[in-house]
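Heads up, the thing below is written out as C-alpha cells.
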Amino acid sequence: NAGVTQTPKFQVLKTGQSMTLQCAQDMNHNSMYWYRQDPGMGLRLIYYSASEGTTDKGEVPNGYNVSRLNKREFSLRLESAAPSQTSVYFCASSVGLNRLYNSPLHFGNGTRLTVT
Amino acid sequence: ILNVEQSPQSLHVQEGDSTNFTCSFPSSNFYALHWYRWETAKSPEALFVMTLNGDEKKKGRISATLNTKEGYSYLYIKGSQPEDSATYLCAFRGSQGNLIFGKGTKLSVKP
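Quick note, the sequences are listed as chains A and B, same order.
Sequence positions in the first sequence follow my numbering and run 229 to 344.
Sequence positions in the second sequence follow my numbering and run 1373 to 1483.
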C-alpha cells in the first residue's frame, strides 16, 4: 500500500520551460490537492479536486494548471516556469471534502523544484 | 483573509521536558481543526482531527485540546523524546471547505 506517490522528487527547470508533476493515490480517496511550501510560509493550496471530474482554484493558482485524470491521479502543470515557482510541492489526498470534514490529509513525499 | 497563527515559531527543550504549543484560528464558521507532525525530509502526517468544542484527543504522549468559541487549540507533549523533534502544523477548516495551514512550530528535543 503505497499511499500517495509523487514524481519526480527533484527537478531543475529554466525559466520558460514547462513540466508536469505527477501524483497518484491508491487509497480510493475522492479528494486530491496540490500544495506548495516556501520558507517562512505555511503550506499554501494551489489547486484541489473535490471529486473525480472537478477541479478548483486554491489560494495561489496563478501559473499552474491541473488535471484530475481519474480517481487515482491528479497532475500539476507549469506551462512556463518562473523563478517564483521555486518551491517544494506536495500532493495530498483525503477521503472526501464536502461531507467528511473530519478526514485528514495524506501527503506524498514532495517534489523539490528549482527554476533558474 | 483567514489567519491561522501558531506559537511559538520554534522551541528547544531537553529530553524529558513536557511542552505545549498554541494554534489560533477564526472562531466563526468552524468545521474542523487538524494537527500534523512533519519530520525533516519526510511528509506531514496527521496526528488529530478535532471537530467539537471541548474535544480532547490523545496519541501516546501527545494530546490536544480544542476551544472553538475562543479559537484556539493546544498541543501537549509529555516527557519529550529526541524522536519528537519535528515541525508541528495545525490547519483550520471553515465553511469555505479547504484547510488553511499555520506556519508551524519547530520542536527540537536535545538528549
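Idealized CB from N, CA, C, for every residue including glycine.
Only a predicted model underlies this, so the values are computations on that prediction, with no experimental measurement involved.
Whole angstroms is fine: what's the gap from residue i's alpha carbon to residue j's?
{"i": "K242(A)", "j": "L249(A)", "result": "16 Å"}
{"i": "T1333(B)", "j": "S295(A)", "result": "Here chain B has residues from 1373 to 1483 only, and residue 1333(B) is not among them."}
{"i": "Q1381(B)", "j": "P289(A)", "result": "27 Å"}
{"i": "Y263(A)", "j": "P1483(B)", "result": "34 Å"}
{"i": "R340(A)", "j": "E287(A)", "result": "20 Å"}
{"i": "L1438(B)", "j": "N1401(B)", "result": "15 Å"}
{"i": "D254(A)", "j": "L1405(B)", "result": "25 Å"}
{"i": "L304(A)", "j": "Y317(A)", "result": "10 Å"}
{"i": "L273(A)", "j": "S1452(B)", "result": "31 Å"}
{"i": "D1456(B)", "j": "M1422(B)", "result": "21 Å"}
{"i": "I1472(B)", "j": "A1458(B)", "result": "20 Å"}
{"i": "L1383(B)", "j": "K1430(B)", "result": "21 Å"}
{"i": "S315(A)", "j": "K1414(B)", "result": "15 Å"}
{"i": "Y276(A)", "j": "G1432(B)", "result": "33 Å"}
{"i": "D1389(B)", "j": "C1395(B)", "result": "20 Å"}
{"i": "V232(A)", "j": "C319(A)", "result": "7 Å"}
{"i": "P1454(B)", "j": "V1481(B)", "result": "5 Å"}
{"i": "S1399(B)", "j": "P332(A)", "result": "20 Å"}
{"i": "A423(A)", "j": "T283(A)", "result": "One cannot answer for residue 423(A) here, as it falls past the ends of chain A, which runs 229 to 344."}
{"i": "K237(A)", "j": "L1374(B)", "result": "31 Å"}
{"i": "G324(A)", "j": "F302(A)", "result": "15 Å"}
{"i": "S322(A)", "j": "Q239(A)", "result": "26 Å"}
{"i": "G268(A)", "j": "W1410(B)", "result": "15 Å"}
{"i": "M247(A)", "j": "A230(A)", "result": "24 Å"}
Below 8 Å on the Cβ atoms is my contact criterion, and I expect residue i with residue j to pass it. Report the Cβ-Cβ distance as a whole number of Å.
{"i": "Y1408(B)", "j": "L1424(B)", "result": "Not really, about 19 Å apart at Cβ, beyond 8 Å."}
{"i": "N337(A)", "j": "Q234(A)", "result": "6 Å"}
{"i": "T1477(B)", "j": "Q1378(B)", "result": "5 Å"}
{"i": "G1443(B)", "j": "C1462(B)", "result": "Contact flag wrong, Cβ pair sits at about 11 Å."}
{"i": "Y292(A)", "j": "L306(A)", "result": "6 Å"}
{"i": "S1467(B)", "j": "Y1403(B)", "result": "6 Å"}
{"i": "Q265(A)", "j": "A309(A)", "result": "About 17 Å; that fails the 8 Å criterion."}
{"i": "F1464(B)", "j": "F1397(B)", "result": "4 Å"}
{"i": "N256(A)", "j": "S279(A)", "result": "Actually they are not in contact, since the Cβ atoms of N256(A) and S279(A) sit about 12 Å apart, beyond 8 Å."}
Check for me: the beta strand (DSSP E) holding residue i runs from which residue to which?
{"i": "M255(A)", "result": "Looking at the DSSP string, M255(A) is not in any beta strand (DSSP E), and its letter there is neither H nor E."}
{"i": "M1422(B)", "result": "E1417 to M1422"}
{"i": "T1459(B)", "result": "A1458 to G1466"}
{"i": "F1473(B)", "result": "L1471 to F1473"}
{"i": "P303(A)", "result": "The amino acid at residue 303(A) is misidentified as Pro; the sequence shows Ser. Element bounds for S303(A): F302 to L306."}
{"i": "N1439(B)", "result": "I1434 to N1439"}
{"i": "E1428(B)", "result": "E1428 to K1431"}
{"i": "S1379(B)", "result": "E1377 to S1379"}
{"i": "K1414(B)", "result": "Where K1414(B) is concerned, there is no enclosing beta strand (DSSP E), given that its DSSP letter is neither H nor E."}
{"i": "T1477(B)", "result": "T1477 to K1482"}
{"i": "A333(A)", "result": "In the sequence under discussion, the amino acid at residue 333(A) is Leu, which differs from the Ala named in the question. First-last for L333(A): undefined, no H or E at that position."}
{"i": "Q1453(B)", "result": "Unbroken run through Q1453(B): none, as it is neither H nor E."}
{"i": "Q1386(B)", "result": "S1382 to Q1386"}
{"i": "V294(A)", "result": "Y292 to R296"}
For residue i, list the residues DSSP reports as bridge partners.
{"i": "Y263(A)", "result": "L273(A) and F318(A)"}
{"i": "A1404(B)", "result": "R1465(B)"}
{"i": "F238(A)", "result": "R340(A)"}
{"i": "L1447(B)", "result": "F1393(B) and A1436(B)"}
{"i": "K285(A)", "result": "Y275(A)"}
{"i": "V232(A)", "result": "Q253(A)"}
{"i": "T243(A)", "result": "Answer by DSSP bridge pairing: none, since T243(A) is not bridged."}
If you measure from the CB of residue i, is any heavy atom of the ligand GDP nearer than 8 Å?
{"i": "Y276(A)", "result": "The ligand GDP is not among the ligands present in this structure, which contains no ligands whatsoever."}
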